[in-house]
Amino acid sequence: EDLDIVSHGFARLGHHRAFAKTLGAIEGCHIHIKCQSSPDDQRYRNRKLFPSIILQAVCDHQGSFIDTYVGWPESVHDLRVLRHSPLYRQSVYPPPRCFILSDGVYPCLQHPLPLIILYKRPLQGVRAQLFNTHHEGARSFERRRMMKTMFRQVLEVHPIFVPHVFSQSPCQLITVKESW
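Residue 1 is where the sequence shown starts when you use full-length UniProt numbering, and the numbers rise one by one after that.
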């Protein structure tokens with residue numbers, strides 16, 4: 001029953017019934033961390049030269065976290081993070097014949113984790129353009145939920161403690177942000 005609510009929610013967001021088998025949207029973001037001076041420090045530096053780690057999250061149609069995986073240094077590609085995540089390795093979500101939406105950072109996959117991505121640009125034809133429009137609509141909440149600007153400022157911790165913080169209270173951090 002809950003899965004039906006989520007899938008219908010994505011179909012509404014995407015304004016198309018093709019998204020009625022969508023049970024999540026995956027996104028990665030960089031979280032600013034405090035890093036001690038060490039030889040490993042450079043692994044955590046992102047392209048803007050501040051230390052950060054990657055948070056990979058799958059959200060439902062309302063932006064609530066379904067799955068989070070955190071702790072990899074910024075220097076690691078998002079696809080590598082995905083392939084090491086329990087979501088990918090255990091292959092238990094989403095159920096058969098359903099999928100997760102993603103931007104172009106990840107490949108389109110069927111197994112072990114069914115991901116549907118945007119058509120690559122330049123787009124070939126009206127159908128590809130329409131698909132991308134509906135796809136982006138279905139994923140529209142998720143970038144806001146990941147708090148691209150605010151979230152990095154909320155949490156500044158040493159990288160060793162980040163997985164513990166997220167495993168204990170990811171929703172509490174979201175609640176704090178929403179109350180601002």
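By construction, the Cβ of each residue, glycine as well, lies at the ideal position given by its N, Cα and C atoms. Computed from a predicted model, the values in this text were never measured in an experiment.
Status (buried if at least 16 other CB within 10 Å, exposed otherwise) for cysteine 29: buried
Close Cβ partners of phenylalanine 50 (< 7 Å) along its chain, the five nearest in sequence each way excluded: His32
Look at the alpha carbon of phenylalanine 19 and the alpha carbon of histidine 8, and state the distance between them as a whole number of angstroms. 8 Å
I'd like the list of long-range same chain contacts for phenylalanine 131, defined as Cβ closer than 7 Å, with 5 residues on each side in sequence excluded. Tyr119
Going by C-alpha to C-alpha distance, which of Ile26, Pro107, Arg17 and Gln42 sits closest to tyrosine 93? Ile26
Entirely within the region 112 to 145 and at least 4 residues each: give me those alpha helix (DSSP H) ranges in chain order. 126 to 138 and 140 to 145
Determine the DSSP secondary structure at tyrosine 88, reduced to helix, strand or coil. helix
Using DSSP with H/G/I as helix, E/B as strand and the rest coil, what is arginine 43? helix
If we ignore side chains and look at the alpha-carbon of each, how far apart do aspartate 103 and alanine 11 end up? 17 Å
Assuming serine 52 contacts asparagine 46 under a Cβ cut-off of 8 Å, what Cβ separation, rounded to an integer in Å, is found between them? 5 Å
Using the Cβ count rule (16 or more neighbours within 10 Å means buried), how would you classify glycine 14? buried
Keeping to the same chain, check which residues put their C-beta closer than 7 Å to that of tryptophan 72; ignore five residues upstream and five downstream. Ile53, Ile54 and Val81
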